[in-house]
Amino acid sequence: MNREENINQLKDLSKIWDVAVIGGGSSGLGVALDAISRGLSVILVEKADFAKGTSSRSTKLVHGGVRYLAQGDVALVLEALKERGRLLKNAAHLAHDQPFIIPIYTLWDRLQYTVGLKTYDWMAGKLRIGKSRWISKEETARRLPQVKKEGLMGGVVYHDGQFDDARLAVAIAQTADDAGACILNYTKVSALIKNEEGKLLGLKVRDELGKKTYAVNAKMVVNATGVFADKILQMDQPDAKKMIQPSQGIHLVLGLEFLGGKDALMIPKTRDGRVLFAVPWHGKLVVGTTDTLREKAKLEPEALQGEIDFILETAAGYLTKAPTRADVKAVFAGLRPLARPEEGSTKTKEISRSHKIILSDSGLVTLTGGKWTTFRRMGEDTLDYFEKVTSIKPAASTSASMFINGNTNKPAEGHWAIYGNQAQLIQDLMQEKPEWQEKIHPDFPYTKAEVVWAVRREMAVKVEDVLSRRIRLLILDAQAALDASPEVGRIMAEELDKDQDWIAQELLDFQKVASKYLIS
Ligand SMILES: Cc1cc2nc3c(=O)[nH]c(=O)nc-3n(C[C@H](O)[C@H](O)[C@H](O)COP(=O)(O)OP(=O)(O)OC[C@H]3O[C@@H](n4cnc5c(N)ncnc54)[C@H](O)[C@@H]3O)c2cc1C
Numbered sequence: 007m008n009r010e011e012n013i014n015q016l017k018d019l020s021k022i023w024d025v026a027v028i029g030g031g032s033s034g035l036g037v038a039l040d041a042i043s044r045g046l047s048v049i050l051v052e053k054a055d056f057a058k059g060t061s062s063r064s065t066k067l068v069h070g071g072v073r074y075l076a077q078g079d080v081a082l083v084l085e086a087l088k089e090r091g092r093l094l095k096n097a098a099h100l101a102h103d104q105p106f107i108i109p110i111y112t113l114w115d116r117l118q119y120t121v122g123l124k125t126y127d128w129m130a131g132k133l134r135i136g137k138s139r140w141i142s143k144e145e146t147a148r149r150l151p152q153v154k155k156e157g158l159m160g161g162v163v164y165h166d167g168q169f170d171d172a173r174l175a176v177a178i179a180q181t182a183d184d185a186g187a188c189i190l191n192y193t194k195v196s197a198l199i200k201n202e203e204g205k206l207l208g209l210k211v212r213d214e215l216g217k218k219t220y221a222v223n224a225k226m227v228v229n230a231t232g233v234f235a236d237k238i239l240q241m242d243q244p245d246a247k248k249m250i251q252p253s254q255g256i257h258l259v260l261g262l263e264f265l266g267g268k269d270a271l272m273i274p275k276t277r278d279g280r281v282l283f284a285v286p287w288h289g290k291l292v293v294g295t296t297d298t299l300r301e302k303a304k305l306e307p308e309a310l311q312g313e314i315d316f317i318l319e320t321a322a323g324y325l326t327k328a329p330t331r332a333d334v335k336a337v338f339a340g341l342r343p344l345a346r347p348e349e350g351s352t353k354t355k356e357i358s359r360s361h362k363i364i365l366s367d368s369g370l371v372t373l374t375g376g377k378w379t380t381f382r383r384m385g386e387d388t389l390d391y392f393e394k395v396t397s398i399k400p401a402a403s404t405s406a407s408m409f410i411n412g413n414t415n416k417p418a419e420g421h422w423a424i425y426g427n428q429a430q431l432i433q434d435l436m437q438e439k440p441e442w443q444e445k446i447h448p449d450f451p452y453t454k455a456e457v458v459w460a461v462r463r464e465m466a467v468k469v470e471d472v473l474s475r476r477i478r479l480l481i482l483d484a485q486a487a488l489d490a491s492p493e494v495g496r497i498m499a500e501e502l503d504k505d506q507d508w509i510a511q512e513l514l515d516f517q518k519v520a521s522k523y524l525i526s
């Protein structure tokens, strides 16, 4: 995946792409993957970095959605369970089975969660990844050493998938790019190009690094911009009604010792009716989430003090050692692109979480909602509109059986696992230059070789790309990421042939972003 080569493709003004995708989050990447699987030519432009938006800020679950089952949304759960099975097979290096335990304190909860999760297993059918079962009080206390024991009757174990969201985004981008797609980060759509009848002919895109604007011709244009979808819809139709209501969810990252085991904790109904997860991830504990309406779509949303307090207080209700603000290694916030409710209603939880596809009069296809787990299916459903828009019947989708870049059933040990079958190539780099064997931070296993790899092979162009989405240090420990940033900047400058001014600006930019992940 080479940015310069892909930018060069923009210079061919006669080229007409079959599909142009706006947005490099899970939705846009799912569309690009499916389009390429049908033999179509595809360009995807992302205004920041891949997964810079919501797609790097999820709970990191590949799930059918136990919560949606409780709400009776059987079709959504079935679809997601199918996609969960596919992802665990096609990106085995990035998604894996994670056992969850619901601690049980009442007989009614024992009954409802045992029955509910048996149904979940049954719905997954052959794609089930582990059996749900009741476990004793002793086993619950052994597997979740730090869970509160007073009144504990036992637990219900169930299985779902867990993944690395931003790394999966990069891997999908690489998969599509390898198959011939033109994938670009830091390329922003500034306008839509239409003919006299108002039909869409393409896009105006700006290379944010090269500071040049290009015209991109395309037969079908897909708006997959998450919470920013209204902006593109308004480029299409200036008086378009707002469709998206951002709803914020935050996560706190704590030390693993707050839970104490390998299993995840799931509380289906907190005192205000939300779900709370505490999930081990890359050696830390990710605890979340919230559901707070926000008015503005932002690329770098901020956690509210009330949300941080809510998570700390709720977690304290279930853990023997109450976490405090001083224990938080990082906080990150993401925005769900929910459908805007009708006037007068402000509830978010009842609004459907399944995806929607809207075809505008101009031919613009907008994909919104859904979830990471179903990204591929969302892409397939979107490409089903290709014929409607272009009058050309595309080949059938084969994305369900496409392996994602790096896929292997035998990933390397430790933190190398996420690189899948490419881990050896990075370890080979470490032999090339002994300095690259060094770690970027003494408390974490990440090496300088991975920074070089991210620049050379994963289209990382900013310090933030490396420290937030190629290596996940910013959301694991924001202070550690800040400490590592000068060295990462220096290595990147060497690779990208940049000067001291570039490093200084990059470090300033990174400090600004990282300050939102620290809490005082
Ligand atoms: C707190 C939280 C937890 C979640 N947990 C889970 C989970 O555990 N499992 C799960 O399956 N799902 C989960 N989800 C849902 C999932 O994360 C989202 O559905 C998904 O990431 C949305 O992806 P997207 O591509 O639609 O949006 P985004 O990831 O926001 O991508 C949109 C992209 O469009 C780009 N863009 C915008 N305007 C332009 C322009 N003019 N030109 C070019 N690019 C542009 C943006 O920069 C952005 O990168 C969670 C969501 C939240 C908020």
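What the sequence shown shows, in our numbering, is residues 7 to 526, in sequence order. From the three backbone atoms N, C-alpha and C, an ideal C-beta is built for every residue, glycine too.
Other residues of its chain near residue i: CB distance less than 8 angstroms, five sequence neighbours each side excluded
i, result
"K154", "P109, G323, Y324, L325 and T326"
"P451", "G420, H421 and K445"
"I314", "I256, L258, R331, V334, V337 and I525"
"M436", "W442, Q443, T453 and A455"
"E493", "I446 and K454"
"D503", "none"
"A584", "Because the chain spans 7 through 526 in this model, residue 584 falls outside it and cannot be assessed."
"L513", "V469, S491, P492 and G495"
"R462", "E501"
"A197", "L209, K210 and M241"
Close-in-space but distant-in-sequence residues of the same chain around residue i (CB under 6 angstroms, 5 per side omitted)
i, result
"L16", "Y220"
"K362", "T374 and G375"
"A303", "V233, F234 and P252"
"R342", "S253"
"V163", "P105, I107, R139 and I141"
"G91", "L133"
Start and end residues, alpha helix (DSSP H) containing residue i
i, result
"I544", "No answer is possible for residue 544: it lies beyond the span of the chain, which begins at 7 and ends at 526."
"N223", "Looking at the DSSP string, N223 is not in any alpha helix (DSSP H); the run it does join, the beta strand (DSSP E), is K218 to N229."
"D434", "A429 to E438"
"D471", "First-last for D471: undefined, no H or E at that position."
"I477", "No alpha helix (DSSP H) contains I477, which DSSP labels as neither H nor E."
"I446", "First-last for I446: undefined, no H or E at that position."
"D24", "Where D24 is concerned, there is no enclosing alpha helix (DSSP H), although the beta strand (DSSP E) it sits in stretches over I22 to I28."
"T320", "Q311 to A322"
"L502", "A484 to L502"
"V461", "K454 to R463"
Range covered by the beta strand (DSSP E) that runs through residue i
i, result
"G161", "G160 to F169"
"R342", "A336 to A345"
"Q517", "Taken as a continuous stretch (DSSP letters only), Q517 belongs to no beta strand (DSSP E), being part of the alpha helix (DSSP H) at Q506 to A520."
"D213", "L206 to D213"
"W140", "R139 to S142"
"K194", "T193 to K200"
"I525", "Careful: I525 lies outside any beta strand (DSSP E) and carries neither H nor E."
"V371", "V371 to T374"
"I189", "C188 to L190"
"K362", "K362 to L365"
Residues near residue i in its chain [Cβ-Cβ closer than 7 angstroms; skip 5 each side]
i, result
"N96", "M408, F409, I410 and N413"
"A309", "I256, V337 and A339"
"K355", "Reliability of the predicted coordinates at K355 is poor, the pLDDT of 48 falling under 50, and no value is obtained from them."
"A490", "I446, H447, L473 and L479"
"D483", "K335 and A336"
"A520", "L480, A484, A487 and L488"
"N201", "L207"
"L215", "Y192 and V467"
"I432", "Y425, A455, E456 and W459"
"G136", "D103, P105 and H165"
"E89", "T379, T380, R382 and R383"
At 3 residues or longer, what runs of the beta strand (DSSP E) sit wholly inside the stretch 246-299? Within the stretch 246-299, complete beta strand (DSSP E) segments of at least 3 residues are found at 250-261, 270-273, 282-287 and 290-294, given in chain order.
Does the count of Cβ pairs from the stretch 33-51 and the stretch 385-392 closer than 8 angstroms reach three? Yes, the stretch 33-51 touches the stretch 385-392.
The stretch 110-119 touching the stretch 282-296, judged by at least three CB pairs closer than 8 angstroms: Contact between the stretch 110-119 and the stretch 282-296 is absent, with fewer than three C-beta pairs closer than 8 angstroms.
Report yes or no: do the stretch 367-376 and the stretch 227-244 share at least 3 C-beta pairs separated by less than 8 angstroms? A contact is defined here as three or more CB-CB pairs under 8 angstroms, and the stretch 367-376 meets this definition with respect to the stretch 227-244.
Please give me, in chain order, every unbroken run of the beta strand (DSSP E) with length at least 3 that falls completely inside the stretch 45-73. For the stretch 45-73, whole beta strand (DSSP E) runs of length 3 or above, ordered along the chain, are 48-51.
Sequence ranges, alpha helix (DSSP H) only - wholly within the stretch 379-423, length at least 4: Segments of the alpha helix (DSSP H) lying fully in the stretch 379-423: 381-389 and 392-396.
Ignoring anything shorter than 3 residues, give me the beta strand (DSSP E) runs that lie fully in the stretch 94-121, in order along the chain. With a minimum length of 3 residues, the unbroken runs of beta strand (DSSP E) contained wholly in the stretch 94-121 fall at 101-110.
Quick check: the stretch 167-187 against the stretch 62-71, are at least 3 beta-carbon pairs closer than 8 angstroms? Touching, per the Cβ criterion.
Tell me whether the stretch 73-86 and the stretch 261-272 touch, counting them as touching only if at least three CB pairs, one residue from each stretch, are closer than 8 angstroms. In the pairwise beta carbon analysis, the stretch 73-86 is classified as not touching the stretch 261-272: fewer than three pairs are separated by under 8 angstroms.
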